Every structure is written in structure tokens, then in C-alpha cells.
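Protein chains in written order, with full-length UniProt numbering: chain A, 1 to 305; chain B, 1 to 305; chain C, 1 to 305; chain D, 1 to 305.
These notes are about the structure you will find just below.
There are 4 protein chains.
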Amino acid sequence: MTPLHTDDPRNRPAHPSGERQYVLTLGCPDDTGIVAKLATFLAEKGGWITEAAYFTDPENNWFFTRQAIRAESVSESIEELREAFEPIAAEFGPRAQWRLWDTAELKKAVLLVSREGHCLHDLLGRVAENDYPMEVVAVVGNHENLAYIAENHGVPFYHVPFPKDAVGKRRAFEEVAEIVNGYEPDAIVLARFMQILPPDFCEMWAGRVLNIHHSFLPSFMGARPYHQAHKRGVKLIGATCHYATPDLDDGPIIEQDVIRVTHKDTPEEMQRLGRDAEKRVLARGLRYHLEDRVLVYGNRTVVFD
Amino acid sequence: MTPLHTDDPRNRPAHPSGERQYVLTLGCPDDTGIVAKLATFLAEKGGWITEAAYFTDPENNWFFTRQAIRAESVSESIEELREAFEPIAAEFGPRAQWRLWDTAELKKAVLLVSREGHCLHDLLGRVAENDYPMEVVAVVGNHENLAYIAENHGVPFYHVPFPKDAVGKRRAFEEVAEIVNGYEPDAIVLARFMQILPPDFCEMWAGRVLNIHHSFLPSFMGARPYHQAHKRGVKLIGATCHYATPDLDDGPIIEQDVIRVTHKDTPEEMQRLGRDAEKRVLARGLRYHLEDRVLVYGNRTVVFD
Amino acid sequence: MTPLHTDDPRNRPAHPSGERQYVLTLGCPDDTGIVAKLATFLAEKGGWITEAAYFTDPENNWFFTRQAIRAESVSESIEELREAFEPIAAEFGPRAQWRLWDTAELKKAVLLVSREGHCLHDLLGRVAENDYPMEVVAVVGNHENLAYIAENHGVPFYHVPFPKDAVGKRRAFEEVAEIVNGYEPDAIVLARFMQILPPDFCEMWAGRVLNIHHSFLPSFMGARPYHQAHKRGVKLIGATCHYATPDLDDGPIIEQDVIRVTHKDTPEEMQRLGRDAEKRVLARGLRYHLEDRVLVYGNRTVVFD
Amino acid sequence: MTPLHTDDPRNRPAHPSGERQYVLTLGCPDDTGIVAKLATFLAEKGGWITEAAYFTDPENNWFFTRQAIRAESVSESIEELREAFEPIAAEFGPRAQWRLWDTAELKKAVLLVSREGHCLHDLLGRVAENDYPMEVVAVVGNHENLAYIAENHGVPFYHVPFPKDAVGKRRAFEEVAEIVNGYEPDAIVLARFMQILPPDFCEMWAGRVLNIHHSFLPSFMGARPYHQAHKRGVKLIGATCHYATPDLDDGPIIEQDVIRVTHKDTPEEMQRLGRDAEKRVLARGLRYHLEDRVLVYGNRTVVFD
């Protein structure tokens, strides 16, 4: 018996209301009239806006927007629309960054795991239930024990052992990179992958690597955050989904959440409770990423949820 | 000794970042090009948009927006801007509803109370701390025991006793209406006012009367919700801020929140705990209302928070 | 490749700190001296209490307790301890109810499902990760589409189709009962099983059937709660884990939680968001049940969390 | 007109159900039989236990308990009961610490404030509403601007200016100490008092000084936590109620909570939002302290809520 999602995911809309959308995201220096230009462009194409949000960062004087348009209201293909938008975008200056995404193009993700499988179970379960806008194209693990989960979901599993020495580790990372790059994924998810990504990998995959950190950053950076939390006697523990950057545990935060603990909770019990927060925060943060709801600036994010 | 806010509130911006804004809200039948028209209008006036959000209700095909513009980016006065916008709004059809608000025009509120003072303490404390965008112009109570709170904050208190008989009650309501209408308030807040507003009063003040209901509606409508909650053995209790309508406890919900309770909590303890939820939910819901963040359609609300 | 939990679960302690415990739960008419009797009994056996809680319901004058003792501190076996406790319990009157559970006796659960698999994925994922105190002995479904999940986890799946007519339905229920009773489970979990349990089944399995209801009860009882919630325009939706009783949706509540929704969320989107609440609430409520943390009285529960 | 609480607070029960209680708290080295001894002692006095909780810290092998007894079930006065308990407590070793509190003895608090009044408004409002178990005997401020709040509630306000130089500061602290010590308060509350307590003051008032820190400790220790939070781009901000110790921001945590923020929130907006968390966390943490629900060990707390 096979999972539910054997139908071609291309046929499925990413939008939960079942409606195919074109999603435009843009970040550029702020100025009067940007919204008017965007809106006029979309109106001229017949674009029916179903969801839109703007934000201007007053400190950096930067403008951000995300706009979702009913795909069927536009006669152009997504490629034609992209081409037509290019001269508009040029008016917003050379530093403007934009994307136009057709929600029918299901995003591809590679998951990197270690020994703990709760996030892997959770994400693959969501995909199997047909309510998560991604296709998991591969799982890479530095241990073998989670292979069965991937296999049960019909996803290829790659076992890449990580030796302890620097040279061996580097080679292992290169092997991982080769696998990952072969899939051209939209998201590389460190789903409790306990290896620190080398800086050049962070840069190679900039804006595509999401990590789930098992603490409420910036509290308890580094190793064994639940033990640190227990030692400090905090009354809430948390989890943080962030983009991986060369500055460890300091990448732009996408999503966070906390759960209540008490004096009764040992570090082991906090680990168990924390897994729930990790699953939830990763699932939410990754969804925002996949739906083009996150725009990064410096080490901060705009999240149009 | 007098409260902190003796300076003229007109000098104070309602926006927490200290910036004076013009806020445009609009609801109208959805169509392609509305955003373009709005944005072009604002761009032509030089309007610098700092915050904007749209929403289209697919069921009713209705379009909603709220846009905040830096006041100083526009050379027109708010009256001139309103006049200039009139023909644009006309293009959106006869059913379109819009407002243009200058955040320097501090909103006026009348608070209606009974015996319990926690919401009154909370709201007046917020105003005294200068972080709440309203001026409390009067407090009306059907008991005298809360008069001292209003007086301590330099707010006139009106005592209107409510007899038990229908005729007396009606007369009392008319007296309240006379007081309230004299102030032309932007918000009439039932801050634990335990009298049911007659239907014609709901209509007279439609869209301006906010009630705080001490349950997570639609659970435990009617009287003594904490006792109902205790009897049912729920694990969360809540509070609901909603617009008062002739359908008791059924008006459009603006904001809700809950708190956790356990088997240990008696109805009295739930009342005590619930007061915190009531204060918080009323303060949030009322702020949304005062900042023109709430648009009503049917018995639902769009809240651009 | 097989799941992680191929080791004999009997070897695994249910307590997250890895410590085997004897857990005593007792409900009886309240009186002075009960705690002294219990504590003296446990002290005489050398019992080292690691966690204990009491509660007296003042309305019904009923006493409840749960006490966890380090198993290794007691020389008696659990059977000997049970026997020794019998005369003590007798002193608390004929209506006293008590249990003595050895956490090394892993609890057995049968899961009943329909078409939606998110709760099934979640519970089996938790068990596979070795952090959930139960053994899933069987899954019964009235559709076949979730069979693959059970099979992937090495759990037998029984397909029992439910016809629409009353006689066929009754027969199907009897078939389910035969399967379920064959396993003598400690918990029968309606993991989004969309059939209403007949009253005599509720009674046969009283105190062992847990349901997850996809609303914040008592709001939106009955069918399609997310559609009801959308129509009412609530700002929070929730889920409720409760014991099934003949009074539909009115059984004793074990656990509840809510999540925030906005005007943007369609009923379909609420369903998607709500699944997270359902998974979390069911997992927590079921854990409380499995760890003997729930004591029922009337339609209320004491939960010693 | 005067506040509601002009009746003698001695007449009011601290327990929300209106029932007068004797509350026993004990911390001592763990051993078998402690509970039996305690329970037997209470049973012999006829003590009707209404609420009780135990906890054993496995790391430090320390036992903690809090037990609430219906006062009317015991014929002894609280002094007689204390005397009778002394030899029992002695059996638990020289390091045992215990208290026996009659809830009719309303706890006394001195509040230390600076310029921001939200916590002062909140706490005095709660007391005025008769639902907070304390008497505020004095407010001390290093600025004058909050004097009116204290005066409105009929509480004496002491203005002690704090010079910038070390000698002047020390003298100011000594003046504060003289005022505070004159009241023999059960709680000294730093309600956004922006001065760092000297180490010898922390020790003099050990276990009685509660601080509200405007961050989710240990994140953003030190100055301007909301600005730090904004800079780091966190998605949740929080507040922490903790006992003040010579190690700044590192005292035992009693209570914490968080609220959600977004990219739209400036540091000033976070300050405004954060005030709600501060008020709530301080009110809860202080209540736990006043109701003898907090037992400290090392830099951690047991909170029997």
C-alpha cells in the first residue's frame, strides 16, 4: 500500500483554498509610488489580488511586499508575466529583489537528519496528508536509523556517515552537497541535523537552508539547550526556526514558539516536551518559506503570514 | 496631584512610533483595479504608505483595505484629502464605505460600568500611562461604587441607577443615551456593564458599542458563564470583545483569548482568573477599534492588526 | 528496515526520567486522615514518593490523589503491594476507587480511524520515537486508505467498512468490538473516527474510550465545527480530548487547546490549522490517561499533570 | 470617595474561595516517611487538607511540600500549631526550612517604582478590586511622577531621589531601606524600579525582593532588552518575575511569559506590548510569592501553583 500522494503534485494547488495563485514578492528601497506602479501593472494584466501586504522598514528605508493574484484572472503564463514585470522592477533600482511564483510549481525540499526522527515523522506525515505545500525529494542522514521512515514514505534516503576528524567531515559535507545540489531544492531543511554547516555551504545555499534550533534563541545558544534551560530554572522553553548563516545560531529568525515547563521537568522531560515545540515551529517556519512569505533583510525577516 | 496626561492630547500622535498618520479604510464590492486606483490616488498626493493590508472575502466578493500614510508626506489637510477622495470612492459603487482618519484626532470613549472595576482600572491606567490612543470623556455607572476611580483620573462620573422594572430601566437607558450622545463618542465601551442594551440603542450606536463578554463565545452564552464553565469542566476559559448588536452575545467578534484552568479552580477562582483575560481582550479589541483596524461585514470582522 | 522500537517495550520504563515507578491513584469520600493513612502505608513499605498530588472537590466532598513511588524502593512486587493495599482501601468506604500501576507494564492502545490520517501519523510517530508510553496493538479503520501507515509501523490494520443503514452499522460496530476486545486495551482512541459510538459501547468501554473533537467544546458541537466556527467569525479555534459517553460531545474533558485564526482563514484553512491542535491535544490527553493522571467524577476530570 | 478596600483587610480571607486556611510549606533533605509524619501530625490536629503538593528534586535529594488546611478544622491557633510542629520539623534535620501561615494574616508589600506606572496601576487596581492577597503599605519612588497613583489609592508615597554619583546613590538606598524596614514587609516589589539593588540589600531582604525584568531571561540581560530584541529580530518577547540576588538578572525565576511580535513592531511598540506581559507576569509571580507557593533552592524555584 502506498501513501496518498501518488498523484502528480503538479496537479495540486499549493493554496489551501484550492485556488492556483501567482505570488509576487518584492524588496527594494522605499519611495512614493511603488504600490501604485505595482498595482497598475497587475491591474493592466487583469490580475485579481486576493491577498496583499506591505511593510516599510523605517530604519533601512526598505520596502517589502507580497501579493497573491488569482492565476486564472491573468491570461499570460507565469514566464510571460515575469518578462513583463522585468522593466517595472528595473524602475525600483538595481538593489531591488523580486520573485514571481506560480503556486502550481510545487516546491522541492531535501531534509537533512541525524538520529532523532520526530521532525522527519512530522513533516513526511504532513506531506502524506496532502496538506503541506512541498515535495520531499530526498532525505540525507548521517546515521542509518531513520532510513525506514523515508522509505516508508517512498522518499530516497542517503546515508552519509560523518567521521569525527575535520578532513573526513569536510568530505562528508561535500558528499551531502553533491546529493543536495543534484535535486536543485527550494529548501534544505536541517531537521535536527546535528552537524554545523560550514560557512561556504551556508553561502552556497543562502536563503534556502532552514534550521530548527531546540531553544528559544538567543537563550541557550550552543550545545544541550535543554540542560542549560533546566540549570537556569526557566519556566518556558522554546524552539526557533531560522535561516542558517555562517554565524552559528545567529541567522534570521523565521518563527519561534514556547511551551511551559515546571520544576518537575528534568532535562530529559524538557527534551520530550520540547520536541512538540520543535515540530510545530519547523512546520510553520518551513511553510512560510515555501509559500514565499519570508523576506530577509540583514539578520531579520519580514514574515507576511 | 493630577494624572500624567494633563498635556493636550491633540499634541500627541496616536501612533506608537510617534509618527502622525492618515489612515484610510475602505470596504466595497471587489473588482480588478481597486488597489491601483487607491495607490495612484495616494501616490499623486505624495502619500508615503507605511502600513497597508488588503483582504477579499471570496464568499461575499467584498474588498477591504486599511492604509496608513505618513501625514507629513501629504501637503493637503485631512479635510482636503477627504474631499479629494470622494470622487475616487464613488467609482467603487454606492455600497462602498470608507473613512479617512488623522491619528492626531484622538478618539473619544465613554465607558459604561456596573459594580466590577477591573476593566475600568485597566483602561484608565493605560490612558494615564500615555500608551493608549483614546481620551475617556465620561464614565457612566449604574452603581456608585466605581465613581472614585473615574474621579481619581479626572474623568466625570455619572451615576444612573437602573430599577428592576421595565419602564424604569427604559428611562435609565434614555438617561444614559442623553449623557453618551452629548459627548459624540467614537467608542461606547460596556466595561462589564451588566445591563442588556435595548435593540434600538444597538442600532443608534451601531459599530461603536463594544462589549466584553466573560466567556469564549459562543460557549456559555447568557448568564454566569464561569459557573457554566465550571459545571462543564472545561480546561480553558476565555473572554470575547465584540460589537453589541440586537442579537444578544451574537455580535461581530473583534478579539478573543483564553487562559488555562484546572480541576482546582472554583467558579469564584475562574472569575478571578478570567478578569485578566477580560482586561487583556477588551484592551486589545478596543485598541483595534480606535485605530480603525476593524471592518465589519455581516456578523464577522476583518481585523488588520 | 524496521522501526526503532523493536526492543521489547516491557524493558522500557514509561517514566521519562527512565525510572520505574509504582503509581497509586485513589478517589474516595473525603475525610480527615486519608493522607496520613496512605502515607503511613507507603512509608511502612519503604516507598520513596517522587511525585504526589491531592485534590478535594468541595462540592461533592470527594478526595482524589495520585502518588508515584520509586519501584526500587519497595521490596514487594506490584501484586503483593496491591494485596497489601486492599484492606487500607477498604477503610475509605465501599465507593472508593483505586488503581496501582507498575510503569513497566506498558499500556496497550487500539486506534480507531476513518479517512484522515494526521492523528494516526502523529501517534505512531511518537511511539516510533520511543517517547510515548504506549504500545499500539491494532488500528481499525472504516476506510482502507490509512492501512499503509499502520503497516509501515508494523501494526496490524483491520478494515471494517461501515454501511449507511442502521443494521449494517450496528454489525460493523460489533465487528469492531470483537477486534478491540480481543486485545484488552487500556485505551481505545477515536483518532478522528467519524462514527458515533453506540451508548452500550460507551458503557462497555467506560473510562477507556478517548475521542478527539475538532472544536473547543462546548462550542460548535455536532457536525462540521470548522464551518460553524468560520460562520460565527471566532478568532480562536480549538480541539478537545474527552472520554466518550452516551451523551454525544458531552463526555468528561481531559484536555483542550486553541489556536488563533483570522478573517483570512477559510473553513478549509481552519481545518488545516486545526489539525495541529487536534494532534497536540490528543497526544497530551492520551498521555495523561496512559500515565494514570486522570480521575473522572461526574462529567468532570481531575488531571494531575 | 475612597477605594473599596477600606474594610479591615484582616477580615478578608486570602483564599479566593473565601475560606481561611493554614498553609504549611517545608523544604528538607529527602527521606522515606516525611509525608507520613506530616500527614499524621495534621490528622492528629484534625486538619482537613484541601490542597497539597510534593516534589522531590532528584539532583539535590531535597523534598518540598505545600499543604493547605481548612483553618476551622483545627482547634489550635496558628501560634499553637507552629509550636506543636517545631519538634516534628526538628526530625527533618537542621537544614529543614518551614513556614506556617494563616491566610487571614494579609501579607504586606512595599512597591519600589521609577517613572513607568503600568505595574503600579495594575497592582493597586487589583488590590482595590479586592482580588489580590496583599496590602500595599507603601510606595517608594525615585521620581515624583507616580505619587498621584499611590495617593489615589490611599497608600503613602515616599519620594527618594537617586543622584548619579555612587555616594549619593548609596545614601538614597539607605534611605529606602529605612522606609522599607519600618514596614516589615513580606514582599518588596521592584515594580519597574530601574536601580540595581546593592548586594548587601539583596541579602538583607533575601527571598523577599521580587523584580520584574522586561525580557524573557536569560535572553537580553542588561539594559534596553526591547531594543536588543528588535535588533535580533525575535518573534516573541517576554517578561520574567524573579527574586533579586546579587547576581544581576540571575536570580531564581518565579514566572515568565511571552507575547508574539512581528517585523512591524518597533522597539517602542515592543515596549508598549511588553508592558502587558510585565503586568501579567509580575501579578502572577507576586501572587505565588504571597500565597507561599514558591520554595527556592539554589537559583531555581519550586512553584506549587
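For each residue, glycine too, the CB sits at the ideal point set by N, CA and C.
From a predicted model like this one, the values you see are computed outputs, not experimental measurements.
CA-to-CA distance, residue j to residue i, given in whole angstroms
i: C/L111; j: C/F216; result: 22 Å
i: D/G47; j: B/G233; result: 28 Å
i: A/E79; j: D/T262; result: 33 Å
i: A/M204; j: A/V113; result: 19 Å
i: A/V167; j: A/F193; result: 19 Å
i: B/R272; j: C/F55; result: 20 Å
i: D/R208; j: D/G182; result: 15 Å
i: B/E83; j: B/E129; result: 36 Å
i: A/E151; j: C/E151; result: 13 Å
i: A/P225; j: D/I149; result: 43 Å
i: A/T240; j: A/L282; result: 8 Å
i: C/G27; j: D/I49; result: 15 Å
i: D/H153; j: D/L124; result: 7 Å
i: D/P58; j: D/P29; result: 11 Å
i: A/D200; j: A/A206; result: 9 Å
i: B/K45; j: B/V74; result: 6 Å
i: A/P246; j: A/Q195; result: 13 Å
i: B/H136; j: B/I188; result: This sequence places Val at residue 136 of chain B; His is not what is there. Approximately 10 Å, taken between the alpha carbons.
Amino acids of chain C, ordered along the chain, whose beta-carbon sits closer than 9 Å to that of residue i
i: D/A43; result: T32, G33, I34, V35, A36 and K37
Assigned exposure category for residue i - 16 Cβ within 10 Å defines buried
i: C/K235; result: buried
i: A/P94; result: exposed
i: D/M134; result: buried
i: A/M221; result: exposed
i: D/E105; result: exposed
i: B/G274; result: buried
i: C/M1; result: In this prediction, C/M1 scores a pLDDT of 31, lower than 50, which makes its location untrustworthy; the coordinate-derived value is nonetheless stated afterwards. Result: exposed.
i: D/G298; result: exposed
i: A/S77; result: exposed
i: D/D131; result: buried
i: A/S219; result: buried
i: D/N60; result: exposed
i: D/E116; result: buried
i: B/A90; result: exposed
Listed by chain order, chain B residues near residue i by CB distance under 8 Å
i: D/G125; result: G117, H118, H121, D122 and G125
i: D/K264; result: E51
i: residue 312 of chain D; result: The requested residue 312 of chain D is not part of the displayed model; chain D covers only 1 to 305.
Chain A residues whose Cβ lies nearer than 8 Å to that of residue i
i: D/Q271; result: Per Cβ cutoff of 8 Å: no residues; D/Q271 is ~16 Å from chain A at best.
Residue i vs residue j beta-carbon contact at 7 Å
i: D/A39; j: C/V302; result: no
i: A/G238; j: A/A244; result: no
i: A/F304; j: A/R293; result: yes
i: A/K279; j: A/D102; result: no
i: C/A277; j: C/D257; result: yes
i: D/K264; j: D/D186; result: no
i: C/V160; j: C/V140; result: yes
i: D/L120; j: D/L100; result: no
i: B/I254; j: B/H242; result: yes
i: C/A43; j: D/T32; result: yes
Proximal residues of chain D, C-beta to C-beta of residue i below 8 Å
i: B/A128; result: G117, H121 and I149
Proximal chain D residues relative to residue i, where beta-carbon distance stays under 7 Å
i: A/K235; result: I253, E255 and Q256
Partner residues on chain F for residue i, Cβ-Cβ distance less than 9 Å
i: D/D131; result: Structure shown: chain F not included; protein chains present are A, B, C and D.
Under 8 Å by beta carbon: chain C residues contacting residue i
i: residue 306 of chain B; result: The structure shown has nothing for residue 306 of chain B, since chain B only spans 1 to 305.
Please list, in chain order, the residues of the UniProt domain "ACT" (23-99) of chain A that have any C-beta partner in chain C closer than 8 Å. So the close ones are E51.
Relative to chain C, which residues along the segment 142-154 of chain A have a C-beta separation below 9 Å, given in chain order? Here the close residues are E144, N145, L146, A147, Y148, I149, E151, N152 and H153.
Check distances from the C-beta atoms of the segment 286-303 of chain B to those of chain D and list, in chain order, the residues that come in under 8 Å. Listed in sequence order: no entries.
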